[in-house]
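Trainee: Residue numbers (my numbering): 7 to 400. All residues carry an ideal CB built from backbone N, CA and C; glycine is no exception. This one's a predicted model, so the numbers in the text were calculated from it and none came from an experiment. One structure, pasted below without further comment.
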């Protein structure tokens with residue numbers, strides 16, 4: 007993984023190329039109203055449903071991953087030109103999706119799984135309130151608020167889905183709509199009850215050995231706890247515990263990356279690829295990394311997992327869309343709810359592109375991440391669990 011130790015300005019160019027390769031086929035087709043017709047949906051024979059929502063999955067998850075970069079001001083040169091083009095495609099794509107007359111329209115009350123994509127779309131709006139939210143025409147904002155509100159038809163399963171319900175409401179608030187404060191509070195309250203210790207939440211009442219603490223729970227809880235602010239009694243007081251847990255889980259994630267950029271293949275939804283490290287990427291984006299985890303070593307770790315899971319040619323179909331798999335076309339890794347569009351949660355590993363090029367994340371000299379350093383013989387301090395920060399009901 008010597009390439010991962012390249013200077014930050016060179017790695018930023020690699021990340022931008024991955025962003026372009028992921029986002030351009032999705033957003034170009036969606037902006038033209040042709041994503042559903044143009045993206046062949048790969049899925050298992052026993053897939054839940056007929057595959058039609060896969061286009062919405064690709065759009066919502068791509069936007070959730072690139073939103074901080076779309077929101078970033080002050081870019082110049084080729085990166086600014088790419089950003090301007092992607093901003094235009096993103097807002098046009100939301101316009102086409104929300105238009106009932108469009109071939110890409112997928113109502114958020116059309117099936118229970120639509121609540122998941124309502125959550126990811128809401129998260130994209132929370133991450134880019136001025137460019138994605140403010141960049142929409144008033145009529146489009148009204149349509150999106152209507153669609154997100156329609157997702158209230160579906161009650162969350164008793165697990166991480168409370169986060170999707172809450173994040174849909176946060177997205178409504180970004181667009182000037184009236185959020186359901188009870189749904190926002192329920193996401194925080196339920197996960198407070200499900201906190202197990204050492205940075206881990208249960209996916210519901212029980213522990214699951216998978217990456218859902220990073221795919222969904224920690225990233226959304228961080229932003230929901232900030233979005234609720236003073237609106238809910240007790241939650242501003244609880245935010246330090248939410249932050250401490252996220253930092254601990256980010257530290258664990260940084261240690262999970264092997265010297266070759268691989269990581270344990272455990273749990274469901276492994277076809278989200280490097281999206282398994284969304285929480286680590288978000289902590290870097292929001293300057294929330296633990297004190298003993300340097301931004302440069304996180305840059306190196308994220309580069310290693312991105313390169314391992316996105317760069318090999320087998321990850322990409324001939325039509326430019328991602329194949330189901332982890333580091334190649336591996337359709338056996340897709341569960342019954344996984345389809346082509348699902349894979350685009352991988353873009354969330356790119357969240358630190360929302361930091362300006364002059365940020366220390368990009369300018370600090372290369373540093374090996376923990377797994378690379380220790381397996382190379384370097385002496386490093388031992389790891390320690392997070393004690394306390396347990397259940398504190400509000």
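Bridge partners of residue 203, per DSSP?
Mentor: DSSP lists 206 as partners of residue 203.
Trainee: My understanding is that residue 1 touches residue 353, with C-beta atoms under 8 Å, so please give their C-beta distance in whole angstroms.
Mentor: Lying outside 7 to 400, the shown extent of the chain, residue 1 is not represented and no answer is given.
Trainee: Within 10 angstroms of its Cβ, does residue 197 collect 16 or more other Cβ (buried), or is it exposed?
Mentor: Label assigned to residue 197: buried.
Trainee: By the three-class DSSP mapping on this structure, what secondary structure does residue 397 have?
Mentor: Summary for residue 397: the model assigns pLDDT 48, below 50, so the residue's position carries little reliability, and this model does not support an answer.
Trainee: Who pairs with residue 49 in a beta bridge, going by DSSP?
Mentor: Answer by DSSP bridge pairing, in chain order: 345.
Trainee: State buried or exposed for residue 342, treating a residue as buried only when at least 16 other CB atoms are found within 10 Å of its CB.
Mentor: With fewer than 16 other Cβ atoms within 10 Å, it is exposed.
Trainee: From the DSSP output, read off the bridge partner residues of residue 322.
Mentor: Beta-bridge pairing links residue 322 to 328.
Trainee: Taking only the alpha-carbon atoms, compute the straight-line gap between residue 266 and residue 296 and give it to the nearest angstrom.
Mentor: Looking at the two C-alpha atoms, the distance is approximately 23 Å.
Trainee: I'd like to check one pair, residue 93 with residue 76: are the Cβ atoms closer than 7 Å?
Mentor: The answer is yes: Cβ separation under 7 Å.
Trainee: Suppose you measure from the CA of residue 118 to the CA of residue 170; what does that come to, to the nearest Å?
Mentor: Cα to Cα, residue 118 sits roughly 12 Å from residue 170.
Trainee: Suppose you measure from the CA of residue 183 to the CA of residue 116; what does that come to, to the nearest Å?
Mentor: Rounded to the nearest angstrom, the two C-alpha atoms are 21 Å apart.
Trainee: Pull up the CB-CB distance for residue 232 and residue 294, whole angstroms please, since I reckon it's below 8 Å.
Mentor: So it is not a contact: roughly 11 Å between Cβ atoms.
Trainee: By a C-beta neighbour count over all protein chains shown, 10 Å radius and 16 as the cutoff for buried, is residue 229 buried or exposed?
Mentor: So residue 229 counts as buried.
Trainee: Would you identify the three-state DSSP class for residue 377, choosing helix, strand or coil?
Mentor: Helix at residue 377.
Trainee: Could you compute how far the alpha carbon of residue 73 sits from the alpha carbon of residue 245?
Mentor: Using only the alpha carbons, I get a separation of about 23 Å.
Trainee: Nearest-angstrom Cα distance between residue 382 and residue 45?
Mentor: Rounded to the nearest angstrom, the two C-alpha atoms are 43 Å apart.
Trainee: Give, in chain order, every unbroken run of the beta strand (DSSP E) that is at least 3 residues long and sits entirely within the region 98 to 170.
Mentor: As far as the region 98 to 170 is concerned, it has no whole beta strand (DSSP E) run of at least 3 residues.
Trainee: Give the range of the alpha helix (DSSP H) segment to which residue 420 is assigned.
Mentor: Limits of the chain in this structure are 7 at one end and 400 at the other, which puts residue 420 out of reach.
Trainee: Apart from the five residues on each side of it in sequence, which residues of its chain come closer than 6 Å, Cβ to Cβ, to residue 10?
Mentor: Result list for residue 10: 306, 309 and 310, in chain order.
Trainee: Taking the alpha-carbon positions, what's the residue 178 to residue 151 distance?
Mentor: Whole-angstrom Cα-Cα distance: 5 Å.
Trainee: How about residue 333 and residue 346: do their beta carbons lie closer than 7 Å?
Mentor: No, the Cβ-Cβ distance between residue 333 and residue 346 is not below 7 Å.
Trainee: Taking all protein chains shown into account, decide if residue 52 is buried (16 or more other Cβ within 10 angstroms of its Cβ) or exposed.
Mentor: By the neighbour-count rule (16 or more Cβ atoms within 10 Å), residue 52 is not buried but exposed.
Trainee: Just checking my contact of residue 392 with residue 250 at CB under 8 Å: how many whole Å lie between their CB atoms?
Mentor: Residue 392 to residue 250, Cβ: 7 Å. Contact.
Trainee: Measuring straight from C-alpha to C-alpha, what distance separates residue 96 and residue 202?
Mentor: Between residue 96 and residue 202, the C-alpha separation is close to 38 Å.
Trainee: Below 7 Å between beta carbons: does that hold for residue 368 and residue 24?
Mentor: The answer is no: Cβ separation not under 7 Å.
Trainee: Touch check for the region 203 to 222 and the region 187 to 194: three-plus C-beta pairs under 8 Å?
Mentor: As far as the Cβ criterion goes, the region 203 to 222 does not touch the region 187 to 194, which means the pair count is below three.
Trainee: How about residue 103 and residue 356: are their beta carbons less than 7 Å apart?
Mentor: No. Outside cutoff.
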